[in-house]
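Numbering (this note's numbering), first residue to last: 47 to 864. Only one structure is covered here, and it is reproduced in the block below.
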Amino acid sequence: MTSSWNNNKLIKDWIRPLQKSLTIETENKFINILGRNKYFNDYLHESLTRLDNLNLSDEYLRIFNEFSKKYNEYNNLDINQRKRLIIDTRKTLYKLGKTLEIESSNNISKAVILNKTESSLSLDSDISLIKNVGKFYKNKLNELGVFNIKDLINYFPRTYLDYTNRVKIINLKPDNLYTCIANIKRFYIYKSKKNSNLSIMSLVVSDETSSIKVTKFLLGRRFRSYSFFASQKSLYTPGTKLAISGKVKLTDYGKTFVDPQIEILKDNNDNFNFSGKILPLYSLAEALSNMRFIKIIKKVLIHAKQYPEILNQKQLDSLSLLSKGESLINIHLPPTQQALIESKKRLVFDELFLLQIKFLLRKRKKNKNLIAKKLPQKKSLLKEFLSTFPFDLTKSQVNVLNEIKKDLSNNLPMSRLLQGDVGSGKTIIAIASILIVIEKNLQGAFMVPTEVLAEQHYNNLLKYLNPLLVSVELLTGNTPQKKRKEILSNLNNGLVDILVGTHALFEDKVIFNSLGIVVIDEQHRFGVTQRNRLINKGDNTHLLSMTATPIPRTLALSIYGDLDVSQITELPPGRVPITTKIISEDYLTNLFKIVEDEITKGRQAYVILPLIEDSEKMNLSSAKKTFKHLSEEVFFKKKVGLLHGKLNSQEKNEVINSFLKNEINILVSTTVIEVGIDVPNATIMIIYNSERFGLSQLHQLRGRVGRGSTKSFCYLVTSDKNGLENKRLSVMQKSNDGFYIAEKDLELRGPGQILGYRQSGLPDFVLDNLPNNKILIEKAREEAIKVVSNDPDLKENIALRNILIDNSDNKFIHDFLN
Ligand code: ADP
Ligand code: MG
Numbered sequence: 047m048t049s050s051w052n053n054n055k056l057i058k059d060w061i062r063p064l065q066k067s068l069t070i071e072t073e074n075k076f077i078n079i080l081g082r083n084k085y086f087n088d089y090l091h092e093s094l095t096r097l098d099n100l101n102l103s104d105e106y107l108r109i110f111n112e113f114s115k116k117y118n119e120y121n122n123l124d125i126n127q128r129k130r131l132i133i134d135t136r137k138t139l140y141k142l143g144k145t146l147e148i149e150s151s152n153n154i155s156k157a158v159i160l161n162k163t164e165s166s167l168s169l170d171s172d173i174s175l176i177k178n179v180g181k182f183y184k185n186k187l188n189e190l191g192v193f194n195i196k197d198l199i200n201y202f203p204r205t206y207l208d209y210t211n212r213v214k215i216i217n218l219k220p221d222n223l224y225t226c227i228a229n230i231k232r233f234y235i236y237k238s239k240k241n242s243n244l245s246i247m248s249l250v251v252s253d254e255t256s257s258i259k260v261t262k263f264l265l266g267r268r269f270r271s272y273s274f275f276a277s278q279k280s281l282y283t284p285g286t287k288l289a290i291s292g293k294v295k296l297t298d299y300g301k302t303f304v305d306p307q308i309e310i311l312k313d314n315n316d317n318f319n320f321s322g323k324i325l326p327l328y329s330l331a332e333a334l335s336n337m338r339f340i341k342i343i344k345k346v347l348i349h350a351k352q353y354p355e356i357l358n359q360k361q362l363d364s365l366s367l368l369s370k371g372e373s374l375i376n377i378h379l380p381p382t383q384q385a386l387i388e389s390k391k392r393l394v395f396d397e398l399f400l401l402q403i404k405f406l407l408r409k410r411k412k413n414k415n416l417i418a419k420k421l422p423q424k425k426s427l428l429k430e431f432l433s434t435f436p437f438d439l440t441k442s443q444v445n446v447l448n449e450i451k452k453d454l455s456n457n458l459p460m461s462r463l464l465q466g467d468v469g470s471g472k473t474i475i476a477i478a479s480i481l482i483v484i485e486k487n488l489q490g491a492f493m494v495p496t497e498v499l500a501e502q503h504y505n506n507l508l509k510y511l512n513p514l515l516v517s518v519e520l521l522t523g524n525t526p527q528k529k530r531k532e533i534l535s536n537l538n539n540g541l542v543d544i545l546v547g548t549h550a551l552f553e554d555k556v557i558f559n560s561l562g563i564v565v566i567d568e569q570h571r572f573g574v575t576q577r578n579r580l581i582n583k584g585d586n587t588h589l590l591s592m593t594a595t596p597i598p599r600t601l602a603l604s605i606y607g608d609l610d611v612s613q614i615t616e617l618p619p620g621r622v623p624i625t626t627k628i629i630s631e632d633y634l635t636n637l638f639k640i641v642e643d644e645i646t647k648g649r650q651a652y653v654i655l656p657l658i659e660d661s662e663k664m665n666l667s668s669a670k671k672t673f674k675h676l677s678e679e680v681f682f683k684k685k686v687g688l689l690h691g692k693l694n695s696q697e698k699n700e701v702i703n704s705f706l707k708n709e710i711n712i713l714v715s716t717t718v719i720e721v722g723i724d725v726p727n728a729t730i731m732i733i734y735n736s737e738r739f740g741l742s743q744l745h746q747l748r749g750r751v752g753r754g755s756t757k758s759f760c761y762l763v764t765s766d767k768n769g770l771e772n773k774r775l776s777v778m779q780k781s782n783d784g785f786y787i788a789e790k791d792l793e794l795r796g797p798g799q800i801l802g803y804r805q806s807g808l809p810d811f812v813l814d815n816l817p818n819n820k821i822l823i824e825k826a827r828e829e830a831i832k833v834v835s836n837d838p839d840l841k842e843n844i845a846l847r848n849i850l851i852d853n854s855d856n857k858f859i860h861d862f863l864n
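Rendered as structure tokens:
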């Protein structure tokens, strides 16, 4: 008995931290978060392997063994597979935990355990303990990544419907939101012929002014049964009074309420649930209706008050912010628009504030650890390099290099973001920075997002640095095993000075002898966690992060609060501005003649497509098909090449090298060439389905031409009917300035779209609300500085400290607090 009790406790203690890390990974959208000293997947893999002392049944051992294997492969899973695996693991752990509870309390019946009242629940309670949340809804919620009450409260609405607008039918106008009170005249319900999962409810309703059609879509198997149909028929009898709220659209049948919220009004009473209210709309799974979700949320919202408050009353007052509990309640069920705005403000503030605190702690930690290393100078590599570089640096390049030199001569590690337009010459700055560090007998890592680009940088480095006796190696996912072993061993014993590579550099087996600087090219392609993973391979590693997709300073502050910003603001001299034209597909025949002429003059062209192969789902041009068309018909006398992501690295290199040597006249490609490819002889860029690309991406693509002294052209082909007036594309026509274009892109798409969670460490919710809350960023930073300077160990800010430990995605927080 005792031993079984002991064993149960062992198992429970084993389950708890696992569940916690699963929650954290879910909250962080399955990015494989870095914990105290391990990655999430390594932690799970190991925990699920070490089961010897737990005395589990063979069945559980088998299941956990399987999970363990999958976590080992976690990095190769896509988001949905990761989500699935986590859901399965949570379910199994939960089931195991529950059997223990039942076993260990033989005199308490199962029913008692399951019948806990809501008042005894806490934020950590499993959602199955909420009254009326049975197995069905529990599973549905789990699919959304919602496991406990805290998850539920943190599942914010996607948007809201404002039902304060009550109107008579005669006054309804298409494309607006209304609430109407009306009586049923006719009612039908039928199964969709096109979709075997769909039923459609169709009503005609009227008030004293007019009548209108109402269509409601019911998605899910269970809405197709006879019993469901019968139940609806008896509910919606002619004459019944309804409250209908939603969007009115103009259809073939005239004005129609399409998929509104419908509420049956009892006793002919006009008071109904959502009248005059703001209704939250959630992104939900099939067969989990919005109304059902609201019902569940309402039951637990009281627990929002238990949410830890990280700001004291004085701070709340001086910042004019709502309490955390109140804003969490209001974000789900806002009594007024103003309350909703205030709640959003508070919740956005918290995220920004926490991020700033993390930045400040990290800076402090770095400074604390500092040991002043005075290392012997190797020799003047930088000077020699600059003397072999065929051009003079631009003024901007000189300024930036001076800023970097200053940083590197300092004892503090550099953290610098280098923003510079496409073709502004960032690579030279990167090489120069690495050389300064190598002079001190340290190593450098040069991290790039694609293999093609890695190869190009590698060749550049070889050209400039071999004469200086600096050893450079290239490591990618395709480096042959034998070569790889050799590189890794030489890296470890310090024979390699610079390692260029792709994501392969993050791997644990890549161990530097003395890593001194990390350069990240096209840094927006990497996440913060990845960046840190590489930096942590050295002590006090300098960081130079480069981007051709610049972002405004305020935003940079909130996202890379720990980085200083440098900018190259001019292009090297002699560049002729690129002319950009928006054209329709009809114009292509003419365009091809122009291309023919350019090729005859010895120039080259790019043709960019959004897809590799034709797809049934999307009516877009594909690279393979266009290649066939161009190489066999239009340009059958010319050399046409094909480049896309499915080629292996050797094939890719062959194509690019031929293009570089002008053995290929026209390169048909997907966006794999987007980043950094440098072929100065190419003067024509044609982008098909250009409306499919973001502005910054188009600017990057366009930057592949205009790199020499010859006039270049960029043609944006669009099949979009309104394409010629397309606001986004015309920005490209107007400007060649990457900073301006980035600003416009941000304006048109919002930061959420552009930066995304991975990049920023901020939830989409915050990013989407940032444009309206620009001053909040500064306020959050000021407040964070105040807190950290008054209470550097967070001894008095316990709630804050706990939240940081809980959400820690960075090693430094733990190192700092422990
Ligand atoms: P990006 O900033 O887009 O990475 P690159 O570093 O690839 O740009 O530079 C683009 C081209 O400009 C390269 O061919 C490079 O050799 C050339 N370049 C860089 N700096 C100068 C300079 N100061 N004068 C002339 N050409 C330069
Ligand atoms: Mg570049």
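Just so it is clear, CB atoms sit at the ideal spot from N, CA and C, and this is done for glycine as well.
Confirm, please, whether the CB-CB distance from residue j to residue i is below 9 Å.
i, j, result
"G143", "K58", "yes"
"L869", "G584", "Residue 869 cannot be examined here, being either before or after the span of the chain that is shown, 47 to 864."
"L689", "A669", "yes"
"L123", "K115", "no"
"S171", "K181", "no"
"K391", "L357", "no"
"E829", "L365", "yes"
"S755", "G573", "no"
"I343", "L379", "yes"
"N586", "I557", "no"
"S257", "I290", "no"
"I880", "S776", "Nothing can be reported for residue 880, as the shown portion of the chain is limited to 47 through 864."
"Q746", "A500", "no"
"S245", "I230", "no"
Ignore the nearest five residues each way along the sequence and tell me which others in residue i's own chain have a CB closer than 8 Å to its CB.
i, result
"Y510", "F431, T434, F435, I477"
"N711", "I645, Q650, A651, F681, K684, K685, V686"
"I581", "V564, T587, L589"
Who are the Cβ neighbours of residue i in its own chain at under 7 Å, not counting the five residues just before and after it?
i, result
"N243", "L265, G266, R267"
Rounded to whole angstroms, what's the CA-CA distance from residue i to residue j? Just pull it up for me.
i, j, result
"A331", "E189", "8 Å"
"L281", "K370", "41 Å"
"T382", "E372", "13 Å"
"G309", "F339", "The sequence given here has Glu at residue 309, not Gly. Going from the Cα of E309 to the Cα of F339 covers about 16 Å."
"E616", "S442", "6 Å"
"S715", "L374", "48 Å"
"T625", "L481", "37 Å"
"P596", "L657", "26 Å"
"D837", "N843", "8 Å"
"G471", "L706", "19 Å"
"L90", "L64", "7 Å"
At what residues does the alpha helix (DSSP H) containing residue i begin and finish?
i, result
"Y504", "497–511"
"K295", "It is not in any alpha helix (DSSP H) - K295 instead sits in the beta strand (DSSP E) that spans 287–297."
"M778", "773–780"
"I195", "195–199"
"Q443", "441–455"
"T225", "Element bounds for T225: not the alpha helix (DSSP H) but the beta strand (DSSP E), 222–237."
Considering just the uninterrupted stretch of the beta strand (DSSP E) at residue i, what are its terminal residues?
i, result
"F303", "300–304"
"M731", "728–733"
"S364", "Note, S364: premise wrong, no beta strand (DSSP E); alpha helix (DSSP H) at 359–365."
Output needed for residue i: all residues of its chain with C-beta closer than 6 Å, excluding positions within five of it in sequence on either side, in chain order.
i, result
"V542", "S517, E519, N536"
"K351", "G371"
"S479", "I450, L590"
"I533", "E519, L521"
"D783", "none"
"N376", "A385, S389"
Within 8 Å: the Cβ of residue i and any heavy atom of ligand 4?
i, result
"K237", "What this structure holds is ligand 1 and ligand 2, not ligand 4."
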